[in-house]
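To convert, take the position in the sequence shown, counting from 1, and add 16; that gives my numbering. Note sheet for the following structure.
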Amino acid sequence: MSMFLIISTAWAVIALVLLVVAWRLARFGRTVPHRNIMILLTAGAWIFVLNYLFVQRYGGEAASFPRQYIPWVALHGSLGLVPLIGATCLVAGRLMAGRNRFSGHFNRHHKAYGRTFIVVWVFTHLGGLFNTIFLH
Ligand code: HEM
């Protein structure tokens with residue numbers, strides 16, 4: 017297994033645990049640890065995706081999948097962008113609270129968006145683990 021895959025797998029497992037913990041914290045009104053974990057996860061997700069693109073473009077370890085899995089891998093990558101961009105909007109919305117309509121919208125619907133993004137996010141990481149275990 018390449019170093020990139022080991023790090024990706026470790027990140028997926030850590031992120032899965034933290035997502036569930038952050039959700040539970042929010043449910044119990046523990047906003048500060050919830051906020052800190054979600055900021056960490058969102059920043060980590062950006063680093064992961066940018067690093068992935070960098071490795072694919074310049075690294076010698078470009079992922080190669082059997083042809084029949086290409087639609088699945090494309091779906092997985094595209095779906096992964098939903099919680100990435102969505103979580104970024106939620107974090108930005110909270111950090112800019114009260115300053116513009118963008119933050120007003122995302123703060124008003126934080127719970128609904130948050131629940132949706134966390135579910136898609138978990139699915140994306142489970143898909144990533146599936147890729148690592150079965151496609152490599
Ligand atoms: C600066 C970052 C964040 C802060 C300060 C924050 C704060 C909060 C607060 C105060 C609540 C309680 C309900 C509410 O006010 O609507 C909440 C709930 C929630 N947040 Fe966040 N949040 C942040 C980021 C995120 C992100 C990025 C996600 C997911 C992608 C998320 C997912 C959720 C969910 C799912 C709930 C509802 C929990 C439930 O009742 O099921 N949060 N958050």
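In this text, a Cβ means the ideal position worked out from N, Cα and C, and glycines have one as well. No experiment lies behind these values; they were computed from the predicted model shown.
Minimum C-alpha distance to residue i - residue among the options
i    : options                 : result
A42  : K127, R110 and F150     : K127
T104 : P82, Y129 and G143      : Y129
F93  : Q84, Y74 and L69        : For clarity, residue 93 is Gly in the given sequence; the question names Phe instead. Here the closest residue by C-alpha is L69.
F139 : R83, L151, L100 and A59 : L100
I55  : N67, F44 and W39        : W39
V33  : Q72, V71, R83 and L57   : L57
G102 : S18, H121, L91 and L151 : H121
N123 : T132, L106 and I134     : L106
G144 : V89, H125 and W62       : V89
L35  : I22, S18 and G60        : G60
Cβ-based neighbour list, residue i, same chain, cut-off 7 Å, excluding 5 preceding and 5 following
i    : result
V37  : I53
P49  : L41
V136 : L95, V98 and P99
H141 : A28, A31 and L32
Range covered by the alpha helix (DSSP H) that runs through residue i
i    : result
S94  : I86 to L111
P82  : Run containing P82: none; DSSP gives neither H nor E here.
G120 : R117 to R124
G114 : Per DSSP, G114 belongs to no alpha helix (DSSP H) and is neither H nor E.
G60  : T47 to Y74
S24  : M19 to R43
Residues near residue i in its chain [Cβ-Cβ closer than 8 Å; skip 5 each side]
i   : result
F5  : Past the edges of the chain, shown from 17 to 152, lies residue 5, and the structure says nothing about it.
G75 : F20
Close-in-space but distant-in-sequence residues of the same chain around residue i (CB under 6 Å, 5 per side omitted)
i    : result
S119 : G109, M112 and A113
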